[in-house]
Every structure is written in structure tokens, then in C-alpha cells.
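Protein sequences, first through last, are from chains Y and C.
Going by numbering that gives the first Met the number 0, the first residue of the first sequence is number 0, and it counts up by one from there.
Going by numbering that gives the first Met the number 0, the first residue of the second sequence is number 0, and it counts up by one from there.
Quick reminder that beta carbons are idealized off the backbone N, C-alpha and C, glycines included.
Since this is a predicted model, take the numbers as computed values, not measurements.
Remarks on the structure that follows.
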Amino acid sequence: MLESIFNLLYFPPFYYYLDNLLREHIFSSQKGYITKFVIEGLNMVNVRLVDLSKHFGRVKAVDNLNLDIKDGEFVAFLGPSGCGKTTTLLMIAGIYRPTNGYIYFDDQVVNEVPPKDRNIGMVFQSYALYPHMKVYDNIAFPLKLKKRPKAEIDRKVREAAKLLNILELLDRKPSQLSGGQQQRVALARALVKEPQLFLMDEPLSNLDAKLRIQMRAELKRMQRDLGITTIYVTHDQIEAMTMADRIAVLNLGKLQQYATPVELYNRPANTFVAGFIGSLPMNLIDGDLVFGDGAAFLNLGELTIKFIGTQGSVLREVGAEGRAILGVRPEDIIVGEGEYEGDVFIIEPLGRDKIVHINAGGIILRALVPVGFDVDEGDKIRFTFVKKRIHLFDGKSGEAYF
Amino acid sequence: MARNILKKLRKGYLLIFLIPSLTIITVFFLFPVILTFLIGLTSMDYTFRWDWIGLGNYIYILKDRWAAKILSNTLFYVFTTLIFFNVGLALLVSIMTVHINERVGSAFRTLWLLPRITPSTVYALLWLWASRGEETALFNWVLSSIGIQSVDWRLTQPWLLVILVNGFIGVSFGMIIFTAALKSIPEDYIRAASVDGASTLQIIRHVELPLIRWPIMFVTAYQTLSLLTSYEYILLVTDGGPGLFTTEVWALYSYHLAFVQYGGIVKFGYGAALATILVIIGLIMSIIYWKVFRFKELMLEPKIEV
């Protein structure tokens, strides 16, 4: 009886819940020691990267990165391969030493702290389960290294295994597990030592599509429950969008944008982010920007888009002129009526919707229309843009005007 | 019917591909072993006459008052060299050179390979020079600086010298295998272990060594067998001495009896019988290693998992 109460007390989510309660109600009253004791059970950390760089010879894998990750936050590092996301993660883990800059855990610079003293849990794309150890010993490994008493190790291993539904696998070797099971073991091993920071390097890449979608939701749920600060590296924008509180988009070692998924989608900072985010790629079309008649005009061959109001004044203020890139998402093109006309080039049905490729004077635009919309290849079609959802980028730097 | 013919054809193909290696094994291993065994049943000497004496030589071995000493010499030599050098020091050197700067490490390992490509007589001669009794010889010169008196190491510590000479060169084989094995360990295991809280020593102990278990066992088995039959450096350094059979090992004894005249008699027959015993010991050792190290599992599937 008493033991089961204690077991309950040891369940990490319970601590998080208790911790929040205490923060709200007791922290201000003088009983500081109680808060201190409870917070130790789950010690989250705030991570700050200041001017962080990593050079391999002449290659700048990470270049002057500045980021702030709040405690309890789920942040995704998103970018194509070679963008520096894994390098950054390995620097935070302490495996790579930064060439320049600082990594802060709360107020402490941890550049010189070895990985073993950083109290982090990490999950690798390859899972990196020790092949010579049984699942039980794999999960117990971090605790054994800490020289915890046997009984405590056993209890915590079973707790972690229970949390991840792998209790019946404890006696197996990693080679006897499926990819999904190995993934769970890797998660349990990372969680069992109650890390203050959780790092995941493309953890879902080796799973099949169905399992990946299931694990995506499970991981997100688990992170919310445990409230551990988490950094998640991925090249899959859907993973990043669905799971993360904030996403750091990286390309060629440089931070492109650091914002919430909604903001990344609605206000991409440049053409790279605009093209990378969204499962249907944004239409990006080169054009020529001129001013006249109190408005700005973007010439795209046969089409001309007029910018008035706020958009026009923004362009005037920054003095934009010359080459510019129009960005418009397929769902922001209204088909069937409007000021522009084009030929239907090809139709791709997606089930609920279909993508209509419109050829308007040599420019191909992809528009998303409901599947019930009646249109055939070769038809002439009228269309227009949702003006306030149009993006315009500098033609040279690719930076967004709006 | 047709399937049976196909099967036979396939077997025929297999045989064609196996013939080259089977020929080599027959000519250079099977044939000499049979010949040795047969000569061991004769009292053959420099006249090369096949005088069959049955198991006479083997009975003589049992009565040979040096056989027991030489056998224990052999076991001492094989296992001391094996444990301290061919496996022990080889592991130490490869672990240490893998964990330091890549360039320095590989330069160090290359240096250690030099004796392998040095003619054995030159290599042995260098050791003989270094271990001479004069105060100016390398060992004495170095050791005198910490106050150790000059001695002739070959006469006072023959075993130490024999094991050093063999061990120093024996390290390189294991070193190459272990280094390759250590480098083939996927980096994620090491990263995972260091994040899990392991120090470098703990990573070596709990992750790297278990992962190169098979190469370690292979080197142990292979080097046992090769040490068992090796005698050239002992021949060159002490020639079994000083005194009577102090550092004589079984293979050297067999060589001495077969090719070196003791009182004008060359005992091919007796030497061959001794060599046969060595082959049998080697076979028994192989079977023991095969069972104890479960090499069958090694053959079944790759053991370095990625």
C-alpha cells in the first residue's frame, strides 16, 4: 500500500504537476525549502545560444547562431541536410566543442562542461542502443553510471518502461526488436535519468510512415506531460510544424527564422522559409516592381499585381524597386472568378482537394481548389489572389517585405 | 528430374571454385602433416631411410626427461606473451592511439609496425645489442640512471628477454585488428554513452570492449596457435639457453633434434614425432577455443551491428 503511494509520488509527470501547483501557491510564501526540494525532482533548463559557431576547417557548419529556448519549451531545428542543425545539437550535448560563442544552461556557460555532466537525455536517429546489453540494461545504463542503489534502478527502469509500453521487452536484446520498439527503448533510456534537457536527432526518420505519425503525437503528448525542455532536430517540416512550440529554420549554417509554426507559415522571413514550410510548396514567381499612380505594381509577364494601402506604403518606405519575388500559397489563389485569366495546364487530385496548375502567360501557378470544383485540363479559367495573404520578397536578398 | 541435374551441376560448379584453395591446403598443409606423421613413425636420420619403428618415438617422448620441462616452458612462453603482449598490450596500444589525435595515433602505430618488416635476424640482433652485459649497452645504460647494476640480460633474465622480443613484435597483429574494430564502432554508440554519463574509461569498459569482443577472441585464438609453433626469435636470441633447455620450447626442440646435430646424429624421425604432438596440441586448442568462444555464432551472422 505504502509502496504504491511512493511509486505514484515518483512518477515524473506528477512532479511536474506538483511543481506547478507549488510555484503558483507556495513560492511566494516563505517556505522556500519545499519548493526547492520538489523542483529538484524535475529540473528544467533554459538554453541560450550566443553567437555560436562551429567551423570544420574552412567549412562554417554553424555560423553565428543566436537562440533562446525557454524552460519546458519544445523547439525544433528544421532545415535540409547539411544546414548545421545536428552540429548545433551536438554542441549543446557537449560532444562538439564550439569554435566561437557560448552555450548557456540557465545562467551558466557550459562550453567546457563534458557531456556526462550536462544531465541531458538524447535520442539518436540510429537509436544507438548498445547491442550487447539487454533492453533492461540499456535503460538502466545511465543510472548504473550514477551508481544508484539497485532497488532504485530497478524501480525507475520499470517506470520508464511502463511509460513507453515496453515492459514485456525488458529481457530482449536490441537486435530482437522492431524499429518502433527500439525507438521506445531509446526514449526510455533518455528519460530514465530525469534529464533537464531532452535532445532528439531525427528520431522518427527510420520509422515507417504510419508509425511515424503515431509516434509524432505520442512524443508531443509525452513532452507536454513531462514538461522537459526539448530540442528536436528534423528535416521534415510537417514534424516540426505539428510538434514544436517554436521552430528554428536553418540553412547553410545560418538561422533563417525562429518563430512559432503559425508565424512561420503566415509570415515567412525570406524565400527559403517560404519555400521550405508548407506541405504544398508556395508559388514563388520572379517579377519586376515599379511605382506609379500612388501605388506599387508588380509585373509578372502578362499579369500585373497592384499593391495599395499598407502593402504599398511598406514597399514605398523601404524603397523597394526592381527585381522582386511574389510568394503566394496555393490555398490563397481563388479560382473561378477574378481579374486574371489562364489555361488549366494539369490537375492533380488529392482526395479532399485538387491542385490546379494554371498557365497564365508563361507563369505556372498552383492553386488548391475543393475536389467538387468543376474544371478540366485545357479550360480557360479566371482567378485572383487573396491580396492580404500575398508575400513579396526582395529579388536579391530574398528577405520578405511582407 | 531436371531439378536434380541442376543441383548436380551447381555442386560441380562449387567444386571448380573450391579447387584452387583445396589444392593449396592439400599441398601445403595436409600433405606435410601426413608426411610428418609418417616420418614420426620411423627412425629416419641423415640417411633418409624409412625404418618403421611404429610408436617407438612417442614412447621415447614419454621417457624423455626434458619433455615435461619443455612442455611447461612452451605453455609459459605462449600464455605470458599472449596475455601481456599479443592481446594485452595490443589492446592498450590500439585503445590509446584511437583516443588521441588521429595523426599522432596512426604515426605511432606505423612505427610499431617497423619490426614486422625488418628481417628477423636484424631485429633479433638489435635486441642482443641492447641487452649486452656492458655498461654502455642500451638497457644497462638506461637502467644505470635509476641505479640498477649492469648485467647481461640474456644470461640473467633469459625469459624476460625472450618474451619481450616476441611480445614487442607480436603486438602489431592485434593492434591492427583491434584498431580497425574500434574504428568501425558507430560513433552514435560513443556519443550515446557519453551523454548517458559515462567517462572515457567507462565508455571503453562498458561499450567499446564489449563491442570488439569477437576480434579480441579471434586474436587470442589465432595468436595462441601462432605462438605455439613459433621459435625463430628464441633460436636467434637464446637458442634455448642459457644452460640446458632453459628457454627451449617444443617447436624449437623439434627443430633442434631434426636439423641440428647432437653428437653427429640427426633425428628426423624423433623431431617429426614431436612436431606431430604440436599439431595435435594445436588442434585441441582450436577445438577448445571454438567451443569456449562460441565461434560458431561468429560464423552465423555479423556481430558488429550498425
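query, result
"8 angstroms Cβ shell around Val-26 of chain C - same chain, five flanking residues per side excluded", "none"
"Chain-ordered chain C contacts of Pro-114 of chain Y [CB-CB under 7 angstroms]", "Ser-193, Val-194"
"For Ile-345 of chain Y, three-class secondary structure by DSSP", "strand"
"Cβ shell of Phe-294 of chain C (< 6 angstroms), same chain only, five flanking positions each side left out", "none"
"Ser-199 of chain Y - partner residues in DSSP beta bridges", "In the sequence as presented, Ser is not what sits at residue 199 of chain Y; that position holds Met. Answer is Y:Val-122, Y:Tyr-231."
"Own chain residues within Cβ distance below 6 angstroms of Glu-123 of chain Y, not counting five before or after", "As written in the sequence, residue 123 of chain Y is Phe, which differs from the Glu given in the question. Cβ within range, chain order: Asp-200."
"Close beta carbons around Ala-257 of chain C, own chain, < 6 angstroms, minus the five adjacent residues each side", "Phe-267, Gly-270"
"Pairwise C-alpha distance: Val-370 of chain Y and Gly-341 of chain Y", "19 angstroms"
"Which of helix, strand or coil DSSP assigns to Trp-49 of chain C", "coil"
"Stretch-stretch touch, CB-based, cutoff 8 angstroms, three pairs: the stretch 85-97 of chain C with the stretch 174-183 of chain C", "yes"
"Interface flag, Val-206 of chain C vs chain Y, CB-CB below 9 angstroms", "yes"
"Rounded straight-line distance, which links the Cα of Leu-29 of chain C to that of Pro-19 of chain C", "14 angstroms"
"Proximity to Arg-48 of chain C [Cα-Cα], best of C:Tyr-57, C:Tyr-122, C:Asn-3, C:Ile-38", "C:Ile-38"
"Residues within the stretch 154-188 of chain C neighbouring chain Y, beta-carbon criterion of under 7 angstroms", "Pro-185, Asp-187, Tyr-188"
"Residue from C:Arg-190, C:Ser-144, C:Glu-134, C:Leu-125 whose Cα sits closest to the Cα of Val-164 of chain C", "C:Leu-125"
"Members of the stretch 74-97 of chain Y near chain C, C-beta cut-off 7 angstroms", "Ala-92, Ile-94"
"Three-state secondary structure assigned by DSSP to Tyr-252 of chain C", "helix"
"Where Tyr-129 of chain Y sits in the DSSP three-state scheme", "coil"
"Residue burial classification, Ala-208 of chain Y (beta-carbon count within 10 angstroms, cutoff 16)", "exposed"
"Span separating the alpha-carbon of Gln-236 of chain Y from that of Tyr-103 of chain Y", "27 angstroms"
"Gln-148 of chain C at chain Y interface by Cβ criterion, 9 angstroms", "no"
"Contact between the stretch 132-139 of chain Y and the stretch 187-199 of chain Y (3+ Cβ pairs under 8 angstroms)", "yes"
"Where the stretch 134-155 of chain Y meets chain C: residues whose CB sits under 7 angstroms from a CB there", "Phe-140, Pro-141, Leu-144, Lys-145"
"Cβ contact (3+ pairs, closer than 8 angstroms) linking the stretch 270-281 of chain C and the stretch 196-206 of chain C", "no"
"Collapsed DSSP secondary structure at Ile-116 of chain C in the structure displayed", "helix"
"9 angstroms Cβ cutoff, Ile-165 of chain Y in contact with chain C", "no"
"Contact list for the stretch 229-258 of chain Y against chain C, Cβ threshold 9 angstroms", "none"
"Rounded separation between Asp-116 of chain Y and Ala-258 of chain Y - CA only", "30 angstroms"
"Inter-stretch contact (C-beta, 8 angstroms, three-pair minimum) for the stretch 81-89 of chain Y and the stretch 277-295 of chain Y", "no"
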